[in-house]
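S.K.: If you're matching positions, the sequence shown starts at 34 in the working numbering and goes up one per residue.
C-beta: ideal position from N, C-alpha, C; glycine also.
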Amino acid sequence: MPEKGAPVPRAQAVYKALRRAIIEQALKPGMKLPEDSIGEQLGVSRTLVREAFGRLAVEGLVELKPNRGANVAYPTLEEARDVFEVRRGLERLVAENLAGRLTAAQSAELEAHVRLEEKAHEQDGPESIRLSGEFHIKLAEMTGNALLLRYVQ
């Protein structure tokens, strides 16, 4: 796990930017993802964009079609249910790991994050979705379990 504040490799930055845009629905299901224009927007090569598409395809967020490029995936109802079932299991594991172990500083950090989420919910935009995801990642980070964090991410 890289140190906090350490520079993020460019390939990882491209992946994170695209993943975030998909999760926040700035890139909608079915939308075509042209390598060249995305690379141009992010200031990276098409190779790095293709690499990010591959990782996102493994996660089920992008569909890769031979000779047709990439599109944002349309999850089926069954896939969405499966994802939520796995998430519930992971979050239960996170809660079990943290039970009785949170420091006062960690509790304060989580409370501050919840206040940010509450403000964002009032505006009902993508910020709310992003903050909710960050909250779960924060919790997983606090477990100190790098593998659990990776799965939650």
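(1) Taking the alpha-carbon positions, what's the E111 to L123 distance?
(2) Which class does E144 belong to by DSSP, given the choice of helix, strand or coil?
(3) Once the 5 residues before and after P35 are set aside, which same chain residues still bring their CB inside 7 angstroms of it?
(4) What would DSSP say about G166, mapped onto helix, strand or coil?
(5) Put V95 into one of helix, strand or coil per three-state DSSP.
(6) Per DSSP, which residues does G102 bridge with? Please list them.
(7) Could you give the first and the last residue of the continuous alpha helix (DSSP H) run that contains L135?
(8) If you run the structure through DSSP and keep just helix, strand and coil, what is L66?
(9) Out of N130, L131, R163, N178, which one is the CA nearest neighbour of H146?
(10) With K49 as the anchor, note down where its alpha helix (DSSP H) starts and where it stops.
(11) Might you give, ordered along the chain, the residues of its own chain that have their beta carbon closer than 6 angstroms to the beta carbon of P62, omitting 5 neighbours on each side?
(12) With a 10 Å radius around its C-beta and 16 neighbouring C-beta atoms as the bar for buried, classify G138 as buried or exposed.
(13) Using C-beta distances below 8 angstroms, list every residue in its chain close to G72, excluding the 5 sequence neighbours before and after it, in chain order.
(14) According to the neighbour-count rule (16 or more other Cβ atoms, all chains shown, within 10 Å of its Cβ), is P42 buried or exposed?
(15) Alpha carbon to alpha carbon, how far is Q74 from A103?
(16) Where does Q189 fall in DSSP's three states?
M.R.: Here's the rundown:
(1) 19 angstroms
(2) helix
(3) The predicted model places P35 with a pLDDT of 47, which falls under 50 and marks its position as unreliable; any figure quoted below should be read in that light. Taken in chain order, the list of residues that qualify is empty.
(4) helix
(5) strand
(6) K98
(7) No alpha helix (DSSP H) holds L135; DSSP gives it neither H nor E.
(8) strand
(9) R163
(10) 43 to 56
(11) V105, Y107
(12) The sequence given here places Ala at residue 138; Gly does not occur at that position. Flag for A138 reads exposed.
(13) S78, R79, L81, V82
(14) exposed
(15) 16 angstroms
(16) This structure gives no information on residue 189, because the portion of the chain shown stretches from 34 to 186.
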